Ligand code: 0L1
Ligand code: MG
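In this note's numbering, the protein residues as written are 508 to 764.
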């Protein structure tokens, strides 16, 4: 089994929006560490001057998300500039079986690294916080995978929408901030920031520790999606998705063919 060949298979499926079999079917001995290597190789393959590495995402940070997909630990993925929607419109025809979930995104002004950081080290490095909608789209058939598979598939990353408004990190208690997710005007999900590892700041701490094992860091200017505040809803063309964050505002995504 060659990791670079598996990475090519994953990159192709992500680029073309076509389903693939789980890597662990033909490679049952694949480890989670090797899956992170496949993730790195497949994303590096897509990087150009126009598609830059812009940050990280944490996934499976809530019990609801872990139960939804039958996996029991948080994972991370890589974000590139192609994933960021510059308008609140999602072309669903390019994706396989997309789902959307409400999140917060933290933008960093200073580098964060190390195995021993705590929340007190994170706050001073945060420039601002955005409201965010993450579109996830597993490249595996039936949205079904093992931990190893989903790590190799860049934690199902597909697209992200950030709010126009940025907030000071000290604007509110992000653990208590509530979001209600509507699909075509119908309430689908409700949750608080504390669903993300008890507090979104813990997600950043966890990420820094995890990427430190690869000798990597959150660099100044990077964003981090901290993880879903609710579990995800399936979406299709003509849907209107609205996340209502109360006094923080609303974020709307129009889904088209
Ligand atoms: O962002 C997420 O929590 C998704 C992580 C991967 C699992 C999934 O595709 O639901
Ligand atoms: Mg997510």
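Cβ atoms here follow ideal geometry from the backbone N, Cα and C, with glycine treated the same way. Quantities reported herein were computed from a predicted structural model and do not represent experimental measurements.
Outcome for residue i when other beta-carbon atoms lying within 10 angstroms are tallied against a minimum of 16
| i | result |
| --- | --- |
| residue 660 | buried |
| residue 642 | buried |
| residue 626 | exposed |
| residue 720 | exposed |
Any non-hydrogen atom of the ligand MG closer than 7 Å to residue i Cβ
| i | result |
| --- | --- |
| residue 728 | no |
| residue 732 | yes |
| residue 566 | yes |
| residue 643 | yes |
| residue 610 | yes |
| residue 735 | yes |
Sub-8 Å separation of residue i and residue j beta-carbons
| i | j | result |
| --- | --- | --- |
| residue 652 | residue 604 | no |
| residue 597 | residue 760 | yes |
| residue 667 | residue 758 | no |
| residue 539 | residue 658 | yes |
| residue 618 | residue 710 | no |
| residue 747 | residue 691 | yes |
| residue 531 | residue 656 | yes |
| residue 508 | residue 646 | no |
| residue 563 | residue 537 | no |
| residue 615 | residue 729 | yes |
| residue 550 | residue 513 | no |
| residue 612 | residue 644 | no |
Cβ distance (whole Å) where residue i is taken to contact residue j below 8 Å
| i | j | result |
| --- | --- | --- |
| residue 575 | residue 705 | Not quite, the Cβ-Cβ distance comes to about 19 Å (not below 8 Å), so this is no contact. |
| residue 735 | residue 608 | 4 Å |
| residue 685 | residue 565 | Between residue 565 and residue 685 the Cβ distance is about 20 Å, and since that is not below 8 Å, they are no contact. |
| residue 610 | residue 639 | 4 Å |
| residue 662 | residue 577 | About 15 Å separates the two Cβ atoms, so there is no contact after all. |
Terminal residues of the beta strand (DSSP E) in which residue i lies
| i | result |
| --- | --- |
| residue 629 | Note, residue 629: premise wrong, no beta strand (DSSP E); alpha helix (DSSP H) at 626-629. |
| residue 669 | 664-674 |
| residue 659 | Careful: residue 659 lies outside any beta strand (DSSP E), inside the alpha helix (DSSP H) at 654-659. |
| residue 582 | 582-587 |
| residue 638 | 633-643 |
| residue 614 | 606-615 |
| residue 696 | 693-699 |
Any non-hydrogen atom of the ligand 0L1 within 7 Å of residue i CB
| i | result |
| --- | --- |
| residue 673 | no |
| residue 745 | no |
| residue 657 | yes |
| residue 742 | no |
| residue 624 | no |
Residue range of the unbroken alpha helix (DSSP H) whose run includes residue i
| i | result |
| --- | --- |
| residue 707 | 707-719 |
| residue 754 | Counting along the chain, residue 754 falls outside any alpha helix (DSSP H), and DSSP gives it neither H nor E. |
| residue 552 | 539-553 |
| residue 504 | Residue numbering for the chain in the displayed model covers 508 to 764; residue 504 lies beyond these limits and cannot be assessed. |
| residue 519 | 510-523 |
heavy atom of the ligand HEM below 7 Å from residue i C-beta
| i | result |
| --- | --- |
| residue 577 | Among the ligands present in this structure, namely the ligand 0L1 and the ligand MG, the ligand HEM is not found. |
Contact with chain B by residue i, beta-carbon distance below 8 Å
| i | result |
| --- | --- |
| residue 516 | Of the chains in the structure shown, none is chain B; there is only one protein chain. |
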